[in-house]
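This report concerns only the one structure given below.
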Amino acid sequence: SQQGEEDPQALSIQEGENATMNCSYKTSINNLQWYRQNSGRGLVHLILIRSNEREKHSGRLRVTLDTSKKSSSLLITASRAADTASYFCATHTGANSKLTFGKGITLSVRP
Amino acid sequence: EAGVTQFPSHSVIEKGQTVTLRCDPISGHDNLYWYRRVMGKEIKFLLHFVKESKQDESGMPNNRFLAERTGGTYSTLKVQPAELEDSGVYFCASSQDGVTGRKQYFGPGTRLTVT
């Protein structure tokens, strides 16, 4: 069954605007991670937030985690055309080291 | 440092044929993972190696899929015989250890098309 589910499925914004993507999951987690995939490339790790953390920043990225609602959001500020990609949330549950992914969000940033 | 590499980048085969995908993890990474993304669906875990041993193969869809990691270096994933529903992108990832939360480094993926 699907653990992570992102919304929206697709997002189109103008360069310079902020992009907010949401992820919901179903079971208790150890941590949640966000990945990016540029067309034809592999998945690139963006940021990890642990279950006991509520917010984390990395450059233009801001991730929040609400374990009571089983949801996370990824905010990209001052977006650039180069941010155009697919974004995935993935969770680690328990002691298992495999990642459980959502379907992904396609972000298009118009120059 | 070289990243995770996968070969081939794209494979087109007919139903019933055999295909072997290869993954070379980052040097020194004992943990190797295979994932698959079928069109329009989420990326799903297939299996996890620690060195040459299969730590978790709970995601392998059926016995048409065979993964090996002889010598604990590169890994192969063989699909025999291939079916139409096997089409998708197969990702390989590696990490230094299997500690929960350790970052996994992904390869570019192999796009498999079964016709």
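For the protein sequence lines, the chains are L and V, in the order given.
Going by our numbering, the letters in the first sequence line up with residues 1 to 111, in that order.
Going by our numbering, the letters in the second sequence line up with residues 112 to 226, in that order.
Glycine included, each C-beta is placed from N, C-alpha and C at the ideal position.
None of the values given here were measured: they were computed from a predicted structure.
Can you check whether the C-beta of residue i is within less than 7 Å of a C-beta belonging to chain V?
i             : result
L74 (chain L) : no
Q2 (chain L)  : Here Q2 (chain L) scores only 41 on pLDDT, less than 50, and its place in the model should not be relied on; the value that follows carries that caveat. Yes - at least one Cβ of chain V is within 7 Å of the one on Q2 (chain L).
G59 (chain L) : no
K70 (chain L) : no
L43 (chain L) : yes
Label residue i either buried or exposed according to how many other C-beta atoms from any shown protein chain fall within 10 Å of its C-beta, with 16 as the threshold for buried.
i              : result
T181 (chain V) : exposed
G127 (chain V) : exposed
S138 (chain V) : exposed
E125 (chain V) : exposed
L195 (chain V) : exposed
G104 (chain L) : buried
G199 (chain V) : buried
T100 (chain L) : buried
Cα separation between residue i and residue j?
i              : j              : result
S108 (chain L) : T77 (chain L)  : 14 Å
T116 (chain V) : S79 (chain L)  : 29 Å
N18 (chain L)  : V149 (chain V) : 30 Å
S205 (chain V) : V161 (chain V) : 10 Å
G218 (chain V) : K69 (chain L)  : 32 Å
C203 (chain V) : S28 (chain L)  : 25 Å
C134 (chain V) : T184 (chain V) : 9 Å
S24 (chain L)  : S71 (chain L)  : 4 Å
G42 (chain L)  : G220 (chain V) : 6 Å
T224 (chain V) : T129 (chain V) : 12 Å
A178 (chain V) : Q14 (chain L)  : 44 Å
S12 (chain L)  : R110 (chain L) : 7 Å
Q33 (chain L)  : A10 (chain L)  : 19 Å
F176 (chain V) : G16 (chain L)  : 45 Å
Q37 (chain L)  : Y144 (chain V) : 17 Å
N142 (chain V) : K98 (chain L)  : 10 Å
L65 (chain L)  : I47 (chain L)  : 12 Å
Since residue i contacts residue j with CB under 8 Å, what's their CB separation in whole angstroms?
i             : j             : result
S58 (chain L) : N22 (chain L) : In fact, because the Cβ distance is near 18 Å, the residues do not count as touching under 8 Å.
K67 (chain V) : H92 (chain L) : Residue 67 (chain V) lies beyond the residue range present for chain V, which begins at 112 and ends at 226; the question has no answer from this structure.
Mapping the DSSP letters down to three states, classify residue i as helix, strand or coil.
i              : result
E55 (chain L)  : strand
L143 (chain V) : strand
A90 (chain L)  : strand
E196 (chain V) : helix
D83 (chain L)  : helix
T181 (chain V) : helix
E6 (chain L)   : strand
Please tell me whether residue i has its Cβ less than 7 Å away from any Cβ of chain L.
i              : result
I137 (chain V) : no
K189 (chain V) : no
H159 (chain V) : yes
P172 (chain V) : no
K165 (chain V) : no
P219 (chain V) : yes
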